Amino acid sequence: MRILACLKQVPEKDSRYKIDDTATGIREEDLVFETNESDVYALEEALRLKEKLGGEVVVLSLGEERVLKTIKSGLAMGADSALHLTDPAFRGSDAFVIATSIARAISDQNFDVIFTGVQSEDMAFAQTGTILAQLLGWSHATIVMEVNVSEDGKNARVKRELESNLFEVVEIPLPAVLTIQSGINQPRYATLKGIMQAKKKGIRTLSAQDLGLKNSQLGSMGSVVDHQKMFFPEKKKKTVILEGTPEEAARTLMERLHKERCFSRWPSAERNSLCLARFWF
Amino acid sequence: MPGKILVLAEHRAGKLKSISWEVIGFGQKLAEQLQQELKVVLIGKAIECLADEVSRKCGQKVLTIISDRCEAYTPEAHCQILSQVAQQESPFLFLMGHTYQAVDFAPKLATMLGRGFIPNCVDYQIEAGRLQFVRQVFNGKINLQVGLKGEPPYFVSLQQGAFNAYEVQSRQSPRVVNLTVPLPEEMLKRKVLEIVQAAQGKVDLSQAEIIVAGGRGLASKEKFQIILDLAHTLGAAVGASRPVTDGGWLPKEHQIGSSGQTVTPKLYIACGISGAIQHLVGMMNSSCIVAINKDPNAPIFSVADYGIVGDVFKVVPVLIELAKEIRK
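So the protein sequences, as listed, match chains A and B. The opening residue of the first sequence carries number 12 in the numbering used here; numbering runs sequentially from there. The opening residue of the second sequence carries number -8 in the numbering used here; numbering runs sequentially from there.
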């Protein structure tokens, strides 16, 4: 099996953001970046597939030099080699441009399966993998919670998450793109040995020109949606922020809740036992 | 802007999904503002009754595509059908709910037609006659205004709950029209084998009056214990956001949000939950929401009635002590 795992680097979850002067992006200078959460699950699934059926895992990331940290952590987890798509012209690209660039980069590489995360935590397009499958003429399945590839490598049986605790099991022919939901597995940590080995693994760098893409096909010009401006959301509800030390804030809160009769009918422990019955295992 | 707005409605077990009613309600409002015609599109097998019901209820034209091959959803059939609908109807806009199905086929459909897909919108505006949508980015901390680019049709999905203020109106032109779209079997690459309900377990949070929920901020399974302690003291049920169940700190059936349960308790105490939109849609209609989080910019505060900006490990133990006092 030749397996590709696409990794996006995004700001850490607790980041505080500043919108840049163009109002179409954020200022990056004070941010710390990490690998997008569902992409880590996708890579873990790729590594497990390789361990089961043999083959090779390649990681791919698109972005400036900082994404090398994400690529290296993927190699340290166990990927065999990496592709780094980097070019200033990529900045401001939407999912269509990113998927187009990835499709170009791997067109001659005979992959059997591509894993991506279900969506990125920064732009949350949730469509790069699906567009990529369409551009390659492959099958796809999104929001995947279980992957079983047949021994002959011709089909994949996957479980997709649906709404309200429903799931569906579907079969699709390979090659295919699978977008992986977080929680599908428990991703491994890189070992010291893995980190040492990663230093010897190959990272191939490709620019827009290497991919045969012109500036007019990239960034906001090449995008199929028009990102006009970013702004901070207005609060819908007036939140009363309780100030003071943790003790003071907690005390004020309990007083307010008590006054508003939030505890007017204390549910008995028995009534809630159904809810509590399985809370710990 | 003369033209048509098509609402793609989703259904399961003979009923329209609530999000689809929301989209129809918003679609009616938008069609009125833009002076466009609205049609509802329904795809499936044996959906004649449903189509009649939808058409009567909203008084709009319903376009049905009925086929044995649409008994279960596949992206191939949906894209084939909707690209033909796009060709025949020349719509200005395709509106749909941001569902597990839309995520699966809409990017493929838009790409097939050389268009873009604007997912998961929470608001809209019409500026100088131009329609724009607003979506959340960076985990809900920033809003992004997105314009329509290129030629119609444009593809847009709406976040559940964001447009529920637009109630479905009863218009005067109910009618059901069926359209036949050939679906050769070899085109349907995806085979649906079964639909399964995850073990619901014994946890039904929908009836709880008080829910104490914990999130990523609790840091580990061991540390999550204080959430259980607080819940126990308050006689509350225990809820969780996705990272908690993904990490195996609690069984999956405690998850609240779009892929878990939807709850409306009298009191919802969110501890260490940042408030990803997928979580908010599951709890935002609770009567009173308390948020405790160290990040003052966490989106959970946008739906909270009371907020404490602080460390859950310092605040929650005090709450437990105070609750014990009150109970005495």
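Cβ coordinates follow ideal geometry from the N, Cα and C atoms, glycine included. Just so it is clear, the structure is predicted and the values come from calculations on it, not from any experiment.
Among B/Gly105, B/Leu41, B/Phe96 and B/Ile133, the one whose alpha carbon lies nearest that of A/Gln138: B/Phe96
Supposed close pair B/Ala210, B/Gly230 - CB separation, criterion 8 Å: The Cβ separation is near 17 Å, so there is no contact.
C-alpha gap between A/Gln130 and A/Ser104, whole angstroms: 15 Å
B/Pro66, buried or exposed, once every other Cβ within 10 Å from all chains shown has been counted against 16: buried
Amino acids of chain A, ordered along the chain, whose beta-carbon sits closer than 8 Å to that of B/Ala189: Asn176, Leu177 and Phe178
Three-state class that DSSP yields for B/Thr65 in the structure shown: coil
Three-state secondary structure (DSSP) of B/Lys48: helix
Residue closest to A/Gly85, alpha-carbon to alpha-carbon, out of A/Gly36, A/Val51, A/Ile30 and A/Glu179: A/Val51
Partner residues on chain A for B/Pro143, Cβ-Cβ distance less than 8 Å: Neighbours of B/Pro143 on chain A: none; closest Cβ ~13 Å, over 8 Å.
Neighbour-count burial assignment, B/Cys40, 16 or more Cβ in a 10 Å radius: exposed
6 Å CB neighbourhood of A/Leu285 in its chain, flanking five on each side removed: Because the pLDDT of A/Leu285 is 37, which lies under 50, any placement of that residue in the model is unreliable, and the number read from its coordinates should be weighed accordingly. Nothing listed; no residue qualifies.
A/Thr97 versus A/Met134 - alpha carbon distance: 18 Å
Rounded C-alpha distance that separates A/Val124 from A/Gln20: 21 Å
Every unbroken beta strand (DSSP E) inside the region 101 to 135 of chain A [3 residues or more]: 124 to 128
Cβ of A/Thr153 within 9 Å of any chain B Cβ: yes
Three or more C-beta pairs below 8 Å linking the region 251 to 267 of chain B and the region 232 to 244 of chain A: no
Any C-beta of chain A under 9 Å from that of B/Cys40: no
Minimum Cβ-Cβ distance from A/Pro184 to chain B less than 9 Å: yes
Buried/exposed call for A/Asp31, threshold 16 Cβ in 10 Å: exposed
Per-residue burial, B/Gln151 [other beta carbons within 10 Å of its own, 16 or more giving buried]: buried
Segment contact, 8 Å Cβ cut-off, at least three pairs: the region 158 to 171 of chain B with the region 46 to 53 of chain B: yes
Exposure label - A/Ala53; buried when at least 16 CB within 10 Å: buried
Meets three-Cβ-pair contact criterion under 8 Å: the region 143 to 160 of chain A and the region 73 to 87 of chain A: no
Partner residues on chain B for A/Asp133, Cβ-Cβ distance less than 7 Å: Val128 and Phe129
Segments of 4+ residues assigned as alpha helix (DSSP H) that fall wholly inside the region 50 to 135 of chain B: 66 to 80 and 91 to 103
Helix, strand or coil at A/Ala219 according to DSSP, with G and I counted as helix: coil
Closest by C-alpha distance to A/Glu182, when choosing among A/Lys165, A/Thr202 and A/Pro198: A/Lys165
Simplified DSSP assignment, three categories, for A/Lys61: helix
C-alpha gap between B/Ile217 and A/Phe101, whole angstroms: 46 Å
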